[in-house]
Amino acid sequence: MLGFETAKPDEEQPSPPPEFSMAAGDFVSIYGCAKEKSRWHGIASCFFLDTAPCVVEYLKVMFDMLENGGVLINFGPLLFHWSGPPLRPDETSFEDYKSKHSHMDGRYLRSVDMPYDGVREVLLQIGFEIVEEYADLPALY
Numbered sequence: 003m004l005g006f007e008t009a010k011p012d013e014e015q016p017s018p019p020p021e022f023s024m025a026a027g028d029f030v031s032i033y034g035c036a037k038e039k040s041r042w043h044g045i046a047s048c049f050f051l052d053t054a055p056c057v058v059e060y061l062k063v064m065f066d067m068l069e070n071g072g073v074l075i076n077f078g079p080l081l082f083h084w085s086g087p088p089l090r091p092d093e094t095s096f097e098d099y100k101s102k103h104s105h106m107d108g109r110y111l112r113s114v115d116m117p118y119d120g121v122r123e124v125l126l127q128i129g130f131e132i133v134e135e136y137a138d139l140p141a142l143y
């Protein structure tokens, strides 16, 4: 298990009244639109990042959702639900691979899975500042 807290570097912001959102559906479609840009003071995600077909896309959307100084708090593993079947030696090209597995949802074939070191680097490259970082936290589930 890992946990991290990130923030967009900026000066302190005044505390507005609390606001909360949770929606069923595709995260990028719902929160990746212009009306969500810089709208949120904080995002809490729990057992969520590894549900992304592309974790980089989720992190970019989260960064854009946060106002300057906003905070992302994450808890959960990186077990990537969209991992596709491995490329086999008999598949000479990615086209062969896609053809062989065409019965599957395409997100399985385009998934981007990476270890935490890669996710951490993506966070920094996107523009997050890591404020606190923990690994191997117990989860009682």
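Each residue of the sequence shown is one higher than the last, beginning at 3 in my numbering.
The beta carbon of each residue, even a glycine, is placed where N, CA and C say it ideally should be.
For residue i and residue j, I'd like the C-alpha separation in whole angstroms.
i, j, result
"M2", "L125", "Limits of the chain in this structure are 3 at one end and 143 at the other, which puts residue 2 out of reach."
"V58", "M106", "22 Å"
"L68", "Q127", "16 Å"
"L142", "H103", "36 Å"
"S47", "I32", "15 Å"
"E131", "Y118", "15 Å"
"K100", "V63", "27 Å"
Is the beta carbon of residue i less than 9 Å from the beta carbon of residue j?
i, j, result
"G72", "G44", "yes"
"L74", "V121", "no"
"L160", "L80", "There is simply no residue 160 to check, as the chain begins at 3 and stops at 143 in what is shown."
"L89", "F96", "yes"
What is the DSSP secondary structure of residue i, reduced to helix, strand or coil?
i, result
"A36", "helix"
"L111", "helix"
"F154", "Outside the shown range of the chain (3 to 143) lies residue 154, about which nothing can therefore be said."
"S47", "strand"
What residues in its chain sit with their C-beta under 8 Å from that of residue i, if we drop five residues either side in the sequence?
i, result
"D66", "G34, E38, K39 and S40"
Excluding the five sequence neighbours on either side, which residues of its own chain have a C-beta within less than 6 Å of the C-beta of residue i, listed in chain order?
i, result
"C56", "V114"
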